[in-house]
Amino acid sequence: MIFPSVFHKNFGRIYFLLRFGLFQTLIPSTLDPMRKITVFILGVLATSLLFSCSQEEKKVSDRPNIIFIMSDDHAYQAISAYDNSLIETPNIDRIADMGILFTNASVTNSICAPSRATILTGKHSHLNGKIDNHFPFDTTNITFPQILQQAGYQTAMFGKLHFGNNPKGFDQFKILPGQGAYYNPDFITKNEGNIRVEGYVTDIITDMTLDWLSNERKADQPFMLMYLHKAPHRSWLMAERHLEDFTNRSFPEPATLFDDYSGRTSPVAEAEMSILKHMSWAGDNKVFPEVMDELGIAEIGYDKIRYENEMKRLTPSQREHFLNAYSKINEEFKKAYPSMTEEEIMKWKYQRYMQDYLGTIQAVDENVGRLLDYLEANNLMENTIIVYTSDQGFYLGEHGWFDKRFVYDQSFKTPLLVAWPGKTKAGTRSDEMVQNLDFAQTFLEAAGVEAPSDMQGESMIPLLTGNEDKWTRDEVYYHYYEYPAEHMVNRHYAIVTKDYKLIHYYYVEDQWELIDRKNDPMELKNVYDDPAYSEIRKDLHERLDKLREKYKDNSQLSQRYIDMLLEDASAGKVFGVSKERVDEIKERRKKVESQ
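Numbering (my numbering), first residue to last: 655 to 1249.
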């Protein structure tokens, strides 16, 4: 029954050959009539098959390659396309120059592993199940790399995934175990088992990426490449080549470095992210343990252990470079510390933080340049979507903090630069409310693949292609879960628009904040109880309720996740919180609920 169907589909071509006498010229005259007809029809069908194949090849070649570049904890304030007061990043800036820079890009949950799970699944944390860094990723989730692989894309991942050891949907991968190490890192690989590679992690991840592009990429397939840096994640160790330069730099202080947290809710003041009080001396600021002992400085958290674990990985040559760079700093600190005021200590720790953090970014920028140079040299720019982002933002001294977690801008917002030559107008900027929730559907639409109906994002293709009128979102939803745990940031959810943030801290406290983003860009004043904002507050509450319903979030889910973490924390299984601290929090919660 196949033959009549194919004959019917190609009747037009057969008629064309008959009508214009080409039948006689194509078939040898020595054949009998029936054989002439058979040969003729087979020839038409062969021609049709070749035509169909050429059309399919064109369709495949038109699908763009996708290169997803992501760093870990890279603050938008530390990319010169956004702000050049701290560092110049000319190579990352090249992506913005070629395409579009988003000024209001954000995350749904500002913490490493949950952000990555949202990117892969296109779902909020409460649905994909990866709510925090403690609980495992549910591997039954369908991810966009799996879908692209099934649709004919060659897929590869190199660098930091953060969870699991066998990412689905990848033809090739070499990933760091957990957080990974800056020097001489270990990798979990698809084909080589577990390996250790000598050198600096940012350079090595790039070497692996370029090697794959050169030696494993198939020219007849579109590819999706995830190029994922560990840097600039804590504890910040820069490459040897940058030690001399960055340990001698000074950086401007943010206006809110000495924020006293007045005018906001209690969870803001209670967070344990202070550069002064919670950033460790040895593990973060590179004060030698023996200097700490000599000066009688007490450890902060996992202070000396963090330092010693990093030092154990260094080769003798690497260790020599490290000690030479930081010996001068330690000698000067020994002399100054006994007479330093608390304010002077804060300023000193901030400068040490910036030197190391920004030093790691220097290597990221250099290596992004290596990748872009390769793409240009090998004619791979023309039909390739290039994304640069971070798993979330990071505090660089704003509010006196380091780390992330809160819905305030420096951690909630994330850098996002996208180039798509021929599709995206070069040098454009957008303030639309895009999120990491949107990557999966964006890439699938670009590839011509239908996204699963349970994905919750919105494709950014209209914004990338100059069709802004087709973008529908003007508000985003945020939900942070990891409490009680390291840094002790209360659980909270929020609605964020271009103008306002309505935030609900619901555990352990039960408090609301309203931030006027336009009139209070530093986010220093809670206007929730200000009568002038009563109508705005009412409107935002209604919109927040609708968002929670839209994204299928609710109080019952939140309570289930609270109970799960408290059970493990009470058993001493949660990093950064003791059993005794958990008991105190439970008692405090009872008092909150009784009020």
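Beta carbons are placed, not taken as given, at the ideal position from N, Cα and C, and that holds for glycine.
Hey, quick one: how far does the alpha helix (DSSP H) through residue i stretch, first residue to last?
i, result
"Gly-1023", "996-1031"
"Val-1236", "1233-1248"
"Leu-1194", "1188-1204"
"Asp-913", "Looking at the DSSP string, Asp-913 is not in any alpha helix (DSSP H), and its letter there is neither H nor E."
"Gln-1213", "1209-1224"
"Phe-1097", "1093-1100"
Measure the alpha-carbon distance for residue i versus residue j and round it to whole angstroms.
i, j, result
"Leu-1211", "His-780", "7 Å"
"Asp-614", "Thr-1082", "Look at the range of the chain in this structure, 655 to 1249, and you will see that residue 614 is not part of it."
"Glu-1099", "Leu-1118", "12 Å"
"Leu-1026", "Tyr-730", "20 Å"
"Leu-1145", "Gln-1110", "The question names Leu, yet the displayed sequence has Arg at residue 1145. Going from the Cα of Arg-1145 to the Cα of Gln-1110 covers about 22 Å."
"Ala-767", "Asn-1033", "34 Å"
"His-975", "Asp-1057", "27 Å"
"His-788", "Glu-1136", "8 Å"
"Glu-1221", "Asn-1208", "21 Å"
"Arg-1242", "Ala-1225", "19 Å"
"Ala-810", "Lys-822", "10 Å"
"Pro-839", "Leu-882", "14 Å"
"Ile-849", "Phe-912", "45 Å"
"Lys-828", "Val-1228", "28 Å"
"Pro-1075", "Lys-1204", "35 Å"
"Ala-1073", "Gly-1120", "13 Å"
"Pro-921", "Tyr-1160", "10 Å"
"Met-965", "Leu-897", "15 Å"
"Gln-1016", "Arg-717", "33 Å"
"Ile-1216", "Pro-992", "44 Å"
Considering residue i, what are the terminal residues of the beta strand (DSSP E) in which it resides?
i, result
"Ile-733", "Run containing Ile-733: none; DSSP gives neither H nor E here."
"Phe-841", "840-843"
"Asp-1170", "1165-1170"
"Ile-796", "Looking at the DSSP string, Ile-796 is not in any beta strand (DSSP E), and its letter there is neither H nor E."
"Phe-976", "That residue, Phe-976, is in no beta strand (DSSP E); its alpha helix (DSSP H) goes 970-990."
"Tyr-1049", "Neither: Tyr-1049 is in no beta strand (DSSP E) and is coded neither H nor E."
"Ser-1084", "1082-1084"
"Ser-725", "719-725"
Assuming residue i and residue j make a contact with CB atoms under 8 Å, what is their CB distance in whole Å?
i, j, result
"Thr-995", "Glu-1163", "Thr-995 to Glu-1163, Cβ: 32 Å. No contact."
"Tyr-1154", "Leu-1194", "6 Å"
"Pro-886", "Tyr-1011", "5 Å"
"Leu-1071", "Ile-749", "4 Å"
"Arg-967", "Ala-835", "5 Å"
"Thr-1078", "Ile-754", "5 Å"
"Ser-760", "Thr-1068", "6 Å"
"Ala-1264", "Thr-901", "Residue 1264 is absent from the structure shown; the chain starts at 655 and stops at 1249."
"Ile-720", "Ile-1039", "5 Å"
"Phe-812", "Trp-890", "Phe-812 to Trp-890, Cβ: 21 Å. No contact."
"Lys-988", "Val-945", "6 Å"
"Met-892", "Gly-1047", "Actually they do not touch by this definition, with Cβ atoms about 20 Å apart."
When the distance is taken between beta carbons, is residue j closer than 8 Å to residue i?
i, j, result
"Leu-1198", "Leu-1156", "yes"
"Ser-1084", "Thr-1096", "no"
"Lys-814", "Leu-830", "yes"
"Asn-1021", "Asp-857", "yes"
"Met-1087", "Val-1018", "no"
"Asp-1063", "Glu-1177", "yes"
"Met-933", "Tyr-837", "no"
"Ile-773", "Phe-1093", "yes"
"Leu-930", "Lys-982", "no"
"Gly-917", "Asn-1180", "yes"
"Arg-1191", "Tyr-1182", "yes"
"Pro-790", "Phe-824", "no"
Closer than 7 Å by C-beta to residue i: which residues in its own chain qualify, once you throw out the five before and the five after it? Chain order, please.
i, result
"Tyr-961", "Ala-936, Gly-937, Pro-943"
"Ala-805", "Ala-1101, Val-1103"
"Glu-870", "Gln-826"
"Lys-1124", "Pro-1116"
Near residue i, which residues of its chain fall below 6 Å by C-beta distance, leaving aside the five closest residues on each side in sequence?
i, result
"Gly-1230", "Ala-1139, Glu-1140"
"Leu-1201", "Tyr-1131, Ile-1149"
"Asn-782", "Ala-771, Thr-775, Asn-795"
"Glu-1247", "none"
"Lys-958", "Ala-936, Pro-943"
"His-816", "Cys-766, Ala-767, Arg-770"
"Asn-758", "Asp-1085, Met-1087"
"Gln-709", "Below a pLDDT of 50, predicted positions are generally treated as unreliable, and Gln-709, at 37, falls in that range; no measurement from the model is reported."
"Leu-879", "Ile-721, Ala-810"
Taking 8 Å as the limit between beta carbons, can you name the residues of its chain near residue i, skipping five residues before and five after?
i, result
"Thr-1126", "Glu-1112"
"Pro-908", "Leu-1050, Gly-1051, Glu-1052"
"Asp-1237", "Ser-1224"
"Arg-1059", "Ser-764, Ile-765, Ala-925, Met-927, Ser-1065, Tyr-1134, Glu-1136, His-1141, Val-1143"
"Gln-833", "Lys-814, His-816, Lys-884, His-887"
"Asp-792", "Asn-782, Gly-783, Lys-784"
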